[in-house]
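Below: one structure, written as structure tokens.
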Amino acid sequence: FGPYQYPEKVVPLFVTNALEDRPLPLYGDGRQVRDWLYVLDHCAAIDLVLRHGRDGEIYNVGGGPGIENRELTRRILRLLGKPESLIQPVTDRPGHDRRYALDASKARALGWAPRHSFEQALEATVGWYRSHEAWWRPLRSGPVTQHYDRQYTR
Numbered sequence: 091f092g093p094y095q096y097p098e099k100v101v102p103l104f105v106t107n108a109l110e111d112r113p114l115p116l117y118g119d120g121r122q123v124r125d126w127l128y129v130l131d132h133c134a135a136i137d138l139v140l141r142h143g144r145d146g147e148i149y150n151v152g153g154g155p156g157i158e159n160r161e162l163t164r165r166i167l168r169l170l171g172k173p174e175s176l177i178q179p180v181t182d183r184p185g186h187d188r189r190y191a192l193d194a195s196k197a198r199a200l201g202w203a204p205r206h207s208f209e210q211a212l213e214a215t216v217g218w219y220r221s222h223e224a225w226w227r228p229l230r231s232g233p234v235t236q237h238y239d240r241q242y243t244r
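Just so you know, we're using our numbering here: the sequence shown kicks off at 91 and counts up by one.
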């Protein structure tokens, strides 16, 4: 996650919705766990693997211990000074994964580690969307609006 992520994805969707005081559609009980990684740390890992990884080897890149989606949502709201009443539970997708977890030990063995904590990365990302409304607002129409309506307004 990070700057320029398309606003259909959860972090930019929740940030931009909160900036507009719109509901944040949280799937199910919000206890799904995801392994979050800041885009700059992901790019650094790809660069390192390209330069020093073994041909044909598979390298997972992950940020560390997972965070529940409801905790991610609360942190976004806190950073924006918005109330938790913006959280709107929506029916979870059938078969939706409860946890995404990665073993990044091979990438770490090459010397890679995230440079940005989750908190730093989320704060930077929220700040970026707050100050780049001219970039994301036009994207909130057309296909994104249609996707949003299909996913969350049944």
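Yeah, the Cβ is synthetic: ideal placement off N, Cα and C, and Gly gets one too. This structure is a prediction, so every number in the text was calculated from the model and none was measured.
Taking 7 Å as the limit between beta carbons, can you name the residues of its chain near Ile-177, skipping five residues before and five after?
Here the question's residue 177 lines up with position 87 in the sequence shown. Spatial neighbours of Ile-177 in its own chain (CB-CB distance under 7 Å, excluding positions within 5 residues in sequence) are listed in chain order as Leu-114, Leu-116, Thr-163.
My output table needs one value for Leu-114: the three-state DSSP class, helix, strand or coil.
Walking along the sequence shown from the start, residue 114 turns up at place 24. Reduced to three states, the DSSP call for Leu-114 is strand.
How should Ala-199 be labelled, buried or exposed, when 16 other C-beta atoms within 10 angstroms of its C-beta is the threshold for buried?
What you label residue 199 is simply residue 109 of the sequence shown in a count that begins at 1. Under a 10 Å Cβ-count criterion, Ala-199 is classified as exposed, with fewer than 16 other Cβ atoms of the shown protein chains found around its own Cβ.
Using three-state DSSP, classify Glu-147 as helix, strand or coil.
Position 57 of the sequence shown, counted from the first residue, corresponds to residue 147. Looking at Glu-147 - three-state DSSP - the assignment turns out to be coil, as it is neither helix nor strand.
From Gly-118, Ala-203, Asp-125, Ala-191, residue whose alpha carbon lies closest to that of Pro-184:
Translated into the one-based positions of the sequence shown, residue 184 becomes position 94. Among Gly-118, Ala-203, Asp-125, Ala-191, the Cα nearest to that of Pro-184 belongs to Gly-118.
Determine which residues share a DSSP beta bridge with Gln-178 and list them.
Counting from 1 along the sequence shown, the entry for residue 178 is found at position 88. Paired residues: Pro-115.
Check whether the Cβ atoms of Thr-106 and Trp-226 sit closer than 8 Å, and answer yes or no.
To locate residue 106, count along the sequence shown from 1; it is residue 16. To locate residue 226, count along the sequence shown from 1; it is residue 136. A contact, by the Cβ cut-off of 8 Å.
Between the C-alpha atoms of Leu-192 and Phe-91, what's the straight-line distance to the nearest angstrom?
Here residue 192 refers to the residue found at position 102 of the sequence shown. Here residue 91 refers to the residue found at position 1 of the sequence shown. One C-alpha to the other measures close to 16 Å.
Expected contact under 8 Å - CB spacing of Arg-165 and Leu-229 to nearest Å:
Taking the first residue of the sequence shown as position 1, residue 165 is located at position 75. Taking the first residue of the sequence shown as position 1, residue 229 is located at position 139. In fact, because the Cβ distance is near 23 Å, the residues do not count as touching under 8 Å.
Please report the Cβ distance between Glu-158 and Val-123, rounded to the nearest whole angstrom; I am assuming they are in contact, meaning their Cβ atoms lie under 8 Å.
Taking the first residue of the sequence shown as 1, we reach residue 158 at position 68. Taking the first residue of the sequence shown as 1, we reach residue 123 at position 33. Their Cβ separation, rounded to whole angstroms, is 6 Å, which keeps Glu-158 and Val-123 in contact under 8 Å.
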